[in-house]
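Just so it is clear: in the sequence shown, position 29 is 28 by numbering that gives the first Met the number 0, and no numbers are missing. Beneath this line is the structure, given in structure tokens, with notes to follow.
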Amino acid sequence: MNPDAYTRTFSFTATLAGAPLTVVSKAGLSGGASVGDVATLAATLITPAPTETVLLLGCGHGAIGVAFARRLTNGHLTLHDPSLVALQLTERTLAANHLTGVTVSAQVSQLPAGAGTFDRVIILAPQSRALGRRWLAEAHALLRFGGLLNLAGANGGGVQSLIADAAALFGAAPVLGYGRGCRVAEATCRTPPPEVPAWAIIPGIAPNTWHTLRAELPGGAVELVSLPGIFSYDRLDAGTALLLAQLGPCQGLRVLDAGCGYGPLGIAAARLGAAHVAMLDVSLLAVAAAHENIARLRLSNVAAEPSDALATVAGRRYDLVLSNPPFHAGKAVDTAVAEAFIAQARSLLAPDGRLLLVANRFLPYERHLAPWFSRVTVLAQSKAYRVLNGEV
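Here is the structure:
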């Protein structure tokens, strides 16, 4: 893909709940080129009353939000997705359909302020079951007594297991309907739950809690926090560990951690003497965890921000860019974001700067690095990963 193509949006028309709408999307968003079977089934089977206060988790590019907003003529709709890109596209999709008065929320949780205030919470099942469980636990706390939970997803994406989790938490979650390998279920909030399942109190899944892990970083081990839905949220992944082993001194360097997750690379650079570290991620969950880790470790030379690729820091200059870039959009291999990282990183590097990138061995990243860097070398490799060094 031409890296410039990643930054461009496109529009298409679709039909949900029998009505046409315009969708704004872009490369790199999972399922972004269509409305999808899950949204189609959910928009047909879930019929909120016009006066309801509704929260939708997992709004994607916003098409399904349009369908529900049109029904809530005297109610209110709040839309959330863990992806900054999804929220940006949702705002544009709402505007393209001339819809106002909808809240697009970047908050990773509506608690505690929203406790007991929603008539209905709709969850489009995320890829991570652990994040799905966290959303279920939050939904139970957000719904008023008698409020409704709707859960929609694909059978191949694990929705049946998540429906079973909903039934365990809410007491029952009957399926409203099936279609094209998808299903939609509904549960009623009866507080307190009949019996709280063990998973609902696990740190990181229980609302307002963090998952903690011990990470071996250069300079010594540290305790970090993370959240379900972040890449490798419960352990330091092997690729990041391999890159960390190649990090070396960072004294006085301006460092960018591109796709930071909960922050191990950027935090390691800060502890190794970097003058300043910028940490970016498209995941709002990742940025929240990175913020928490920065605060807990009392690091004054680090800042974490949400960003679509590296757009947030355009125009700045760095001596070192670190990245363990994503290569999936949903379950499919998609290197569009990584290619954008590489091209944008080159424009941000100082004259003697370099990019350190770790990737699965089967990904042809040397080919993507070659047009942008004068010299590309393999610094280290394992059976699964390689660390590539791109010099300006």
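All C-beta atoms, glycine included, are put in the ideal place defined by N, C-alpha and C. These numbers were taken from a predicted model, which means no experiment stands behind them.
Cβ-Cβ separation between residue 235 and residue 357: approximately 12 Å, too far for a contact (criterion under 8 Å). DSSP lists 305 as the bridge partner or partners of residue 280.
Between the segment 377 to 388 and the segment 279 to 290 there are fewer than three inter-stretch CB-CB distances shorter than 8 Å, so the stretches are not counted as touching. 152 is the residue among 170, 152, 157 whose C-alpha sits nearest the C-alpha of residue 177. Scanning its chain for C-beta atoms nearer than 6 Å, with the 5 sequence neighbours on each side dropped, one finds around residue 208 the residues 202, in chain order.
Annotated three-state conformation of residue 388 is strand, per DSSP.
Taken through DSSP and simplified to helix, strand or coil, residue 376 comes out as strand. Fewer than three beta-carbon pairs drawn from the segment 168 to 185 and the segment 214 to 233 are found closer than 8 Å, and the two stretches are therefore not classed as touching. Boundaries of the beta strand (DSSP E) around residue 186: 181 to 187. Separation of the CB atoms of residue 368 and residue 255 is rounded to 16 Å, and the pair is thereby denied contact status at 8 Å. In the structure shown, residue 346 falls within a helical segment according to DSSP collapsed to helix, strand and coil. Residue 366 and residue 350 have their C-alpha atoms roughly 22 Å apart. Between residue 224 and residue 292, the C-beta gap is smaller than 7 Å, which places the two residues in contact.
Linking residue 389 to residue 192 through their CA atoms gives a straight-line distance of about 54 Å.
In this structure, the alpha-carbon of residue 199 lies about 19 Å from that of residue 185. Relative to the Cα of residue 354, the nearest Cα in the group 211, 386, 32 belongs to 386. Between residue 76 and residue 53 the beta-carbon gap is near 5 Å, inside 8 Å, which marks them as a contact. By the Cβ test, the segment 34 to 41 is in contact with the segment 111 to 128, since at least three Cβ pairs between them sit closer than 8 Å. Rounded to the nearest angstrom, the gap between the Cα atoms of residue 308 and residue 189 is 42 Å. When the Cα atoms are used, residue 340 and residue 26 turn out to be separated by approximately 13 Å. For residue 196, the CB contacts under 8 Å within the same chain, skipping 5 residues up- and downstream, are 164, 167, 168 in chain order.
Your pair residue 70 and residue 47 checks out as a contact, with CB atoms roughly 6 Å apart and the cut at 8 Å. Every unbroken stretch of the beta strand (DSSP E) spanning 3 or more residues and falling wholly within the segment 175 to 229 is given here in chain order: 181 to 187, 210 to 216, 219 to 225. As the crow flies, the alpha-carbon of residue 94 is around 17 Å from that of residue 15. Cβ neighbours of residue 250 within its own chain (closer than 6 Å, five residues either side excluded): 272. Take residue 60, set aside five residues on each side of it, and the residues of its chain with a beta-carbon closer than 7 Å to its own are 22, 23, 24, 28, 31, 85, 88, 89, 92, in chain order. As the crow flies, the alpha-carbon of residue 181 is around 17 Å from that of residue 58. Assignment of residue 361 by DSSP, reduced to helix, strand and coil, places it in the coil class. When secondary structure is reduced to three states using DSSP, residue 317 falls in the strand class. Between residue 372 and residue 391 a beta carbon distance of about 7 Å is seen, short of the 8 Å cut, so the two are scored as contacting.
Taking C-alpha positions only, residue 274 is separated from residue 317 by approximately 11 Å. Counting along the chain, no alpha helix (DSSP H) covers residue 155, and no H or E run does either.
If you draw a 10 Å sphere on the C-beta of residue 67, you find 16 or more other C-beta atoms in it, and that means buried.
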